[in-house]
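S.K.: Just so we're aligned, residue 875 is where the sequence shown starts under our numbering, counting upward by one.
Please find one structure pasted underneath; my questions will follow.
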Amino acid sequence: MRLVGGVWAFKTLAVGVEFGLFTRLAGGRTVTLAEAAAEFGLDERPADLLLAASASLGLLEKVGDGYRNSALAEQFLVEGQPYYFGAQVRYSDLRTYLPWHRVGEALRGNRPLTWDPQQQDSLFDTTDPQLVAEFWDAMFATSRFTARALADAYDFGAHRRLLDVGGGAGAFPIEFCLRLPELRATILDLPHVCVRAGERIAEAGLTGRIDAVAGDFLADPALPDGHDVILLSMILHDWDEPTNRGLLARCHAALPPGGVIVISELLLNDERTGPAEAALMGMNMLVETEGGKNYSGAEYAAWLADAGFVDIRTVPFEAPGANGAVLARRP
């Protein structure tokens, strides 16, 4: 029954974000049932049900006759907060929720449901401004907090130049460079994504320390050199094994001796029986990609060894976008 009710929990969260509930309650503001009903234009019965459900999920707290944001909602669901996660909720609600209703179709046809492979080369091959904004804002929301967890688990202070392959709007380099004044970074991504990254970099006050370089890491024969660490965060689960092996080979070629590669992902265990977050993300790759799936740390280790990397190890951590990083060094 918990599995059945999972959709109820998600839609309660999504409609709260849609209504701006948590942003309106920012800063400790408390509203009674009658005040919430009036503010959102609802009858008291639906307002009561929404507030009670949100409180049951740990998103609101009851204080006397009123409701206020929980600490969780205040940190992650108030627009303007550094780790605002509402963009991910909104994207999932608008972009992937309805296609997931047809997951049986994806299983039978082995093809994505959120885009048409006959019209696009990949999910990322679009210049639709609304989709671009929604997708990269969602990825930034997930990545910013994941970057913080990765930075706690692995010391990027040992490096001077980071290459973030497929780095999107720059969440990881921004988080790392704010922590490490000596670190410089390059984001490699598609031209229209680099525009978004430039905006985020400027907002963070890191123009000049983080560069956004237009390119296609799948099609370009070589990756930019001059970096002593390469990050692949939430990249390899989008593609099949031959594509990933080819990318790892180009990463090896781009790194100097002693350079490090970091693969940050939701890793399956070696038996491929969990954890659920990684396995269900794999199902989402069925809905969203042509060949993507989530892989185990052992699979990544084997590919890295075949590409010529050594000192391969896995560092576990907990975050919305990853549960570990597989690290290796170019000898």
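Every residue gets a Cβ at the ideal spot worked out from N, C-alpha and C, and that includes glycine.
Quick one: Cα of PRO920 to Cα of THR1117, how far?
M.R.: Against the sequence shown, residue 920 aligns to sequence position 46. Against the sequence shown, residue 1117 aligns to sequence position 243. Taking the straight line joining both Cα atoms gives about 49 Å.
S.K.: Inspect the beta-carbon positions of LEU946 and GLY960 and report whether they are closer than 9 Å.
M.R.: For the purposes of this step, residue 946 is taken as the residue at position 72 of the sequence shown. For the purposes of this step, residue 960 is taken as the residue at position 86 of the sequence shown. In this structure, GLY960 does not lie closer than 9 Å to LEU946 by Cβ.
S.K.: So the beta strand (DSSP E) LEU1062 belongs to, where does it begin and stop?
M.R.: Along the sequence shown, read from residue 1 onward, the residue named residue 1062 stands at position 188. Start and end: 1058-1063.
S.K.: Which residues in the same chain have their Cβ closer than 7 Å to the Cβ of ASP1152, if we skip the five residues on either side of it in sequence?
M.R.: The sequence position of residue 1152 within the sequence shown is 278, counting from 1. Rather than Asp, the amino acid found at residue 1152 in this sequence is Ala. So the qualifying residues of the chain are LEU1140, LEU1141, LEU1142, ASN1168, ASN1197.
S.K.: Just the C-alpha distance for CYS958 and GLN994, rounded to the nearest angstrom, thanks.
M.R.: For the purposes of this step, residue 958 is taken as the residue at position 84 of the sequence shown. For the purposes of this step, residue 994 is taken as the residue at position 120 of the sequence shown. It should be noted that the sequence gives Tyr, not Cys, for residue 958. So the two alpha carbons sit approximately 30 Å from each other.
S.K.: Among GLU935, GLU1164, ARG1053, which one has its Cα closest to the Cα of GLU1115?
M.R.: Reading the sequence shown from its first residue, position 241 is the one you call residue 1115. The shortest Cα separation from GLU1115 among GLU935, GLU1164, ARG1053 belongs to GLU1164.
S.K.: With a 10 Å radius around its C-beta and 16 neighbouring C-beta atoms as the bar for buried, classify PRO1065 as buried or exposed.
M.R.: In the sequence shown, the residue the question calls residue 1065 occupies position 191. Exposed is the call here.
S.K.: Put VAL952 into one of helix, strand or coil per three-state DSSP.
M.R.: Position 78 of the sequence shown, counted from the first residue, corresponds to residue 952. Reduced to three states, the DSSP call for VAL952 is coil.
S.K.: How about the region 974-993 and the region 900-919: do they share at least three Cβ pairs that are nearer than 8 Å?
M.R.: Segments in contact, no.
S.K.: Just to confirm, is the Cβ distance from ARG1204 to VAL1136 under 9 Å?
M.R.: By one-based count along the sequence shown, residue 1204 stands at place 330. By one-based count along the sequence shown, residue 1136 stands at place 262. Result no, Cβ atoms of ARG1204 and VAL1136 do not sit closer than 9 Å.
S.K.: Starting from LEU1037 and walking both ways along the alpha helix (DSSP H), at which residues does that stretch end?
M.R.: In the sequence shown, the residue the question calls residue 1037 occupies position 163. That residue, LEU1037, is in no alpha helix (DSSP H); its beta strand (DSSP E) goes 1035-1039.
S.K.: With burial defined as no fewer than 16 other Cβ atoms inside 10 Å of the residue's Cβ, what is the status of GLN962: buried or exposed?
M.R.: Walking along the sequence shown from the start, residue 962 turns up at place 88. Burial call: buried.
S.K.: Use the C-beta contact count for THR1147: other C-beta atoms within 10 angstroms, 16 or more gives buried, fewer gives exposed.
M.R.: Numbered from its first residue, the sequence shown carries residue 1147 at position 273. THR1147 should be labelled exposed.
S.K.: How about SER928 and GLY890: do their beta carbons lie closer than 9 Å?
M.R.: For the purposes of this step, residue 928 is identified with residue 54 of the sequence shown, where counting begins at 1. For the purposes of this step, residue 890 is identified with residue 16 of the sequence shown, where counting begins at 1. Yes, the pair counts as a contact, with Cβ atoms nearer than the cut-off.
S.K.: From the DSSP output, which residues share a beta bridge with GLY1089?
M.R.: By one-based count along the sequence shown, residue 1089 stands at place 215. Paired residue(s): none; GLY1089 is not in a bridge.
S.K.: Does ASP1063 pass the burial test, meaning 16 or more other C-beta atoms within 10 Å, or should it be called exposed?
M.R.: On the sequence shown, position 189 is the one that residue 1063 refers to. When all chains shown are included, ASP1063 counts as buried.
S.K.: What is the residue span of the alpha helix (DSSP H) that VAL1161 lies within?
M.R.: Here the question's residue 1161 lines up with position 287 in the sequence shown. Counting along the chain, the alpha helix (DSSP H) containing VAL1161 begins and ends at 1150-1162.
S.K.: Look at the Cβ atom of PHE1030, then the Cβ atom of ASP967, and state whether they are nearer than 9 Å.
M.R.: Counting from 1 along the sequence shown, the entry for residue 1030 is found at position 156. Counting from 1 along the sequence shown, the entry for residue 967 is found at position 93. For PHE1030 and ASP967, no; Cβs fall outside 9 Å.
S.K.: To the nearest angstrom, how far is it from the Cα of LEU925 to the Cα of PHE1019?
M.R.: For the purposes of this step, residue 925 is taken as residue 51 along the sequence shown, with counting starting at 1. For the purposes of this step, residue 1019 is taken as residue 145 along the sequence shown, with counting starting at 1. Distance between the alpha carbons of LEU925 and PHE1019: 27 Å.
S.K.: So LEU1097 packs on VAL1039, CB below 8 Å; how close in whole Å?
M.R.: The residue given as residue 1097 occupies position 223 in the sequence shown. The residue given as residue 1039 occupies position 165 in the sequence shown. The pair is a contact, with the Cβ atoms about 7 Å apart (cut-off 8 Å).
S.K.: Got a sec? Which residues, its chain only, sit under 7 Å from ALA1021 by beta carbon, not counting five neighbours each side?
M.R.: Residue mapping note: residue 1021 aligns to position 147 of the sequence shown, counting from 1. Cβ neighbours of ALA1021 beyond the five flanking positions: ALA1045, PHE1046, GLU1049, PHE1050.
S.K.: In its own chain, which residues sit with a C-beta less than 7 Å from the C-beta of VAL1161, not counting the 5 before and 5 after it?
M.R.: Here residue 1161 corresponds to residue number 287 of the sequence shown, with the count starting at 1. Around VAL1161: THR970, PRO973, TRP974, VAL977, ALA980, PRO986, LEU987, THR988.
S.K.: Starting from ALA1199, follow the beta strand (DSSP E) in both directions and report where the run begins and ends.
M.R.: Residue mapping note: residue 1199 aligns to position 325 of the sequence shown, counting from 1. Where ALA1199 is concerned, the enclosing beta strand (DSSP E) stretches over 1198-1203.
S.K.: Give a yes or no on contact between the region 1097-1109 and the region 1067-1080, applying the rule of three or more CB pairs nearer than 8 Å.
M.R.: No, they do not touch.
S.K.: Comparing C-alpha positions only, which one of ARG903, TYR965, LEU1092 sits nearest to ASN943?
M.R.: Stepping through the sequence shown from its first residue, residue 943 is reached at position 69. Minimum Cα distance to ASN943 is reached at ARG903.
S.K.: In three-state DSSP terms, what is PRO1116?
M.R.: Position 242 of the sequence shown, counted from the start, is the residue given in the question as residue 1116. Of the three classes helix, strand and coil, the one that applies to PRO1116 here is helix, per DSSP.
S.K.: Which residue spans inside the region 902-978 form an unbroken beta strand (DSSP E) run of at least 3?
M.R.: Counting whole runs of 3 or more residues, the region 902-978 contains the beta strand (DSSP E) stretches 934-937, 940-943.
S.K.: Which same chain residues, not among the five before or five after TRP882, have their C-beta less than 7 Å away from its C-beta?
M.R.: Here the question's residue 882 lines up with position 8 in the sequence shown. Closer than 7 Å at the Cβ level, and outside the excluded window around TRP882, lies no residue.
S.K.: Here's a check: name, in chain order, each residue in its chain whose Cβ is nearer than 6 Å to the Cβ of ALA1071, leaving out the five neighbours to either side.
M.R.: In the sequence shown, the residue the question calls residue 1071 occupies position 197. Within the same chain, ALA1071 has close Cβ partners ALA1043, GLY1044, ILE1061, ALA1086.
S.K.: Can you give the beta carbon distance from ALA1193 to ALA1023, rounded, assuming they're within the 8 Å contact cut?
M.R.: Position 319 of the sequence shown holds residue 1193. Position 149 of the sequence shown holds residue 1023. The Cβ separation is near 4 Å, so the contact holds.
S.K.: Using 10 angstroms around the beta-carbon of GLY1166, count the other beta-carbons present and answer buried if the total reaches 16, otherwise exposed.
M.R.: Working through the sequence shown from its first residue, we reach residue 1166 at position 292. It counts as buried.
S.K.: What does ARG1187 pair with, by DSSP beta-bridge criteria?
M.R.: Residue 1187 sits at position 313 when you count from the first residue of the sequence shown. DSSP lists LEU1201 as partners of ARG1187.
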